[in-house]
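Report on the structure given below.
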Amino acid sequence: MRDVQLEITALEDQPFGALVRGWDPSAALDEAARDDITKALADHVVLVFRGHRQPADEELVAFAESFGPLIKGSEWLRDAGSKPEILPVTNARDDMGIPKGTGGAGELEWHADYSYVPQPAKQSFLNAVELPEAGPRTCFASQYRTLETLPDELVERLRTLRARHSVAEYVEGGKDPNRQQLYKGFEAKRKRDEEAGVQRPPIPEAEHPVVLRHPDTGRELVYVSKGLTREIIGLERSESNALLKQLHQHATRPDAVYAHEWEVGDLVVFDALAGLHRRDSWDPHQQRVMRQLSTMVG
Ligand SMILES: [Fe+2]
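Okay, so the sequence shown: first residue is 557 according to this note's numbering, each after it adds one.
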């Protein structure tokens, strides 16, 4: 007999996504509830947990960990706190003025979490701790749907291709002031670590098939993004860019996107392989603090 049943309902008037009520952060997740969530993720890609009390760091880690081993992304971003599994997604700065976690209040381009890692994220957990007065939204697209709505001949071709993913090139590249700001913050953290003699693992990059089969659902999805996929291997640069642009435009057409409007306390759990996402910019004078965790593909 189960004490609490999670109430899961599809979001109204949205292309996908579901609302989850009834989660108790202090109760260990039983197997039946975990299976319900895994099934709901397969069906809806994005799950918005709302109406519960704010979980403590330990509770958030315990909840996410019940879905698989967690990525310690804060080490690559040189900001590992007492819980390296929790990546601060924030524009907050420390006493020295060095950005914490991901840094910056700029727009974040479409990406799949940790696609630049050989074992990328399978599920991600994003929790709103502190929000600015206005926005920013996080927008999601389903890469299952991208694949299902592409012409068969194109999907056949995509199945033969692999792509290279890199976050370092995203941060270092171009004249975009947001990205330059991210780079500056990262350099400041690198210097801080050097002076303190702290060793951090180098930021990885990775190659993945353009069409992945999801290990849980067995369904195929398109696994490239404008933010993190740098090239399709073996194609001329112009052809690679054109194909990536075509896939990006198709995946993110407005009627295929769910735009999440955050409330403090929201925990959005999403399929990190199929759940492509981006974030709006916000007023950099206002603070936004989010906690992010991700399981890794086994
Ligand atoms: Fe992300």
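For every residue, glycine included, the Cβ atom is placed at its ideal position computed from N, Cα and C.
In this structure, Glu761 sits near Arg720, with a CB-CB distance shorter than 8 Å. The chain-ordered list of residues whose CB is nearer than 6 Å to some heavy atom of ligand 1 reads His667, Asp669, His833. Taking C-beta separations shorter than 6 Å and ignoring five residues to either side along the sequence, the partners of His667 in its chain run Ser781, Gly783, Leu784, following chain order. Per DSSP, the unbroken alpha helix (DSSP H) holding Arg748 starts and ends at 733-752.
Within the region 663-733, complete beta strand (DSSP E) segments of at least 3 residues are found at 664-667, 677-686, 694-698, 718-722, given in chain order. Assignment of Ala830 by DSSP, reduced to helix, strand and coil, places it in the coil class. Annotation for Arg718: Glu763, His764, Pro765, Val766, Ile789 place their beta carbon closer than 7 Å to its own, counting only its chain and skipping 5 residues before and after.
At the C-beta level, Met852 and Ile627 come within 8 Å of one another.
Secondary structure at Ala762: strand, using DSSP grouped into helix, strand and coil.
Collapsing the DSSP output to three states places Thr808 in coil.
Here Glu641 is buried, its C-beta having at least 16 other C-beta atoms within 10 Å.
Arg609 counts as exposed, since fewer than 16 other C-beta atoms from the protein chains shown sit within 10 angstroms of its C-beta.
Contact annotation, Trp818 with Ala661: C-beta distance approximately 14 Å; criterion of less than 8 Å not satisfied.
The beta carbon of Ala807 lies closer than 7 Å to those of Ala697, Gln699, Thr702, Val778, Leu832 in the same chain, with the five residues before and after it left out. Comparing alpha carbon positions, the residue from Tyr739, Leu710, Glu686 closest to Ala724 is Tyr739.
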